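Asks:
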Amino acid sequence: MTDITLAIRNCNIVLEDGIIFDGVLLLSGDRITEYGKEGEIEIPECAETVDAHGGYVGPGFVDLHVHGGDGKSLVFDTVAAADYYLRSGTTSILAAPWYKLDFKTFLSAIENVKEKMPLAPTVKGFYMEGPYTNQKYGSHAASNPWKEGIVEEEYRLLVDSAGSLAKVWTIAPEIPGIGDFVRYAKDVNPSVVFAVGHSEATPDEIRALGSRYLPTLETHSTNATGQRDRQGGIIGAGPDEYALATPEMYCELISDSQAIHVKQDIQRMLIRCKGVDKIVLITDGSVYNNPTPEKFAGVTDINFSPAGEVAGSKLTMAMACRNIMTHSRVGITEAFLMASRNPARVIGIDGEVGTIERGKRADLVIVDGKFNVFGVILGGVKCKFEEQV
Ligand SMILES: [Zn+2]
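Using the numbering used here, read the sequence shown as starting at 685 and increasing by one per residue.
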């Protein structure tokens, strides 16, 4: 047997299609080597053993959409913010610059993250939330330095600087000139994923991008989107309806404890329409730390802008998993699909991470049945482990 370096015992192993209760998981270096039921798996004497005390071991969380957390910006205070999320089980994360950053700051955010990535191994690249989004939906004209529209000299520098690290670009397809932008972004990084978001594009406007440039992801579905073609009592069709009606589209979902970003029935509708294979839980964690407005008294897991509007979350992925189990008819296995496997698939890292499989990277999280996090293993190395589960 290959040299086993770590054995996790007394755990319930969350696989893609079910759970091995009372299991044992063996790691060798940074890889998952073997797993199965206690008694059926031989544990070499030389291996370090940890007792998970009956906790659930699942694939580390993959959070595609994070601006910051715990008061730290993931694009400017990259190492500290990534470490905060790692301790809550997020072993792959994309750093998200946002529309309010003007051109120079946006570019410096990209450069800063690139420089810090060697010290922040969970950061896999960028989620570019903008800059070309619709000012009517979460990117207000007053604070939007991009309101003059699309400027080729600027986007070329952003796209060139991010290169293949730009995993996702969120766009509003209705913005004039967006076609030139997506063509350039795809030329520079052919594996880039386009997301429709902060948009009121009609399905025809989305399709006009052309098959090579179609979005495969919707940025926080049903949140900060619109419908331009609603007429009287007849519902319109915007990015949400396009995403619901297009089988290959993934939908991001912010599931906060009180269903403020996305109402409980809408969360249920998204899961029912898309299925658990196409929902991607995100935190949309932000750096705001403004007081909670009176009408949201008691809310602890979302952030507010200085104007008192909902502006991202204070969630961790573990909290998002617990919330989606509270709000809808899903269990632990499905929560891990939405928090780990599906986002890994969106950005094409699912060959390495996102599920527990032999040969995959040993990025793991250990939780109890309420998604309290007790253990985190990154590349086979324990980076947080509390023995008392
Ligand atoms: Zn965001």
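We treat Cβ as the ideally placed atom computed from N, Cα and C, and that holds for glycine. These figures come from a predicted structure and were not determined experimentally.
(1) Provide the residue span of the beta strand (DSSP E) that contains Phe810, from first to last.
(2) What does the shell around ligand 1 hold, if a residue joins when its beta-carbon is under 5 Å from any heavy atom?
(3) Classify Ala846 as helix, strand or coil using the three-state DSSP reduction.
(4) I need the boundaries of the alpha helix (DSSP H) containing Ser792, first residue and last residue.
(5) Use the C-beta contact count for Ser827: other C-beta atoms within 10 angstroms, 16 or more gives buried, fewer gives exposed.
(6) Are there 16 or more other CB atoms within 10 angstroms of the CB of Asp968, so buried, or fewer, so exposed?
(7) Assuming contact is defined by CB atoms lying nearer than 8 Å, are Thr909 and Ser939 in contact in what I supplied?
(8) If you pair each beta-carbon of the segment 696–711 with each one of the segment 925–941, do three or more pairs fall below 8 Å?
(9) Tell me, please, whether the CB atom of Ser1024 is closer than 8 Å to any CB atom in chain C?
(10) Among Pro802, Gly922, Thr806 and Leu842, which residue has its Cα nearest to the Cα of Tyr816?
(11) Put Leu1062 into one of helix, strand or coil per three-state DSSP.
(12) Would the segment 871–881 and the segment 840–854 be scored as touching if the rule is three or more Cβ pairs under 8 Å?
(13) Taking the continuous alpha helix (DSSP H) assigned at Thr762, which residues delimit it?
(14) Take Arg952 as the anchor and find which of Thr903, Phe787, Val1014 and Gly1053 has the nearest alpha-carbon.
(15) What residues in its chain sit with their C-beta under 6 Å from that of Gln1072, if we drop five residues either side in the sequence?
(16) Can you give the beta carbon distance from Thr775 to Leu1062, rounded, assuming they're within the 8 Å contact cut?
(17) For Asp1047, count the other beta carbons within 10 Å of its own beta carbon; 16 or more makes it buried, fewer makes it exposed. Which is it?
(18) Compute the Euclidean distance between the alpha carbons of Lys798 and Asn974, then round it to the nearest angstrom.
(19) Let me know if Ile692 comes out buried or exposed under the rule of 16 or more other beta-carbons within 10 Å of its beta-carbon.
(20) For Pro829, I'd like the list of residues in its chain whose CB is within less than 6 Å of its CB, leaving aside the five on either flank, ordered along the chain.
(21) Could you check where the beta strand (DSSP E) with Thr717 kicks off and where it finishes?
(22) With DSSP run on the structure shown, which of helix, strand or coil describes Phe1055?
(23) Is it buried or exposed, Arg1045, if we count other Cβ atoms within 10 angstroms and call 16 or more buried?
(24) Considering Leu928, what are the terminal residues of the alpha helix (DSSP H) in which it resides?
Replies: By the coordinates alone:
(1) Val807 to Glu813
(2) Glu813 and Asp968
(3) helix
(4) Phe787 to Lys800
(5) exposed
(6) buried
(7) no
(8) no
(9) The chain labelled as chain C is not found in the depicted structure, where only one protein chain is given.
(10) Leu842
(11) strand
(12) Yes: at least three Cβ pairs fall under 8 Å.
(13) Thr762 to Leu770
(14) Val1014
(15) Residue placement at Gln1072 is poorly supported in this model, since its pLDDT is 46, which falls under 50; the coordinates still yield a value, given next. The answer is none, since no qualifying residue turns up.
(16) 5 Å
(17) buried
(18) The straight-line gap separating the alpha-carbon atoms of Lys798 and Asn974 is approximately 29 Å.
(19) buried
(20) Asp786
(21) Annotation for Thr717: the continuous beta strand (DSSP E) segment containing it runs Arg715 to Lys721.
(22) coil
(23) buried
(24) Pro923 to Ala929
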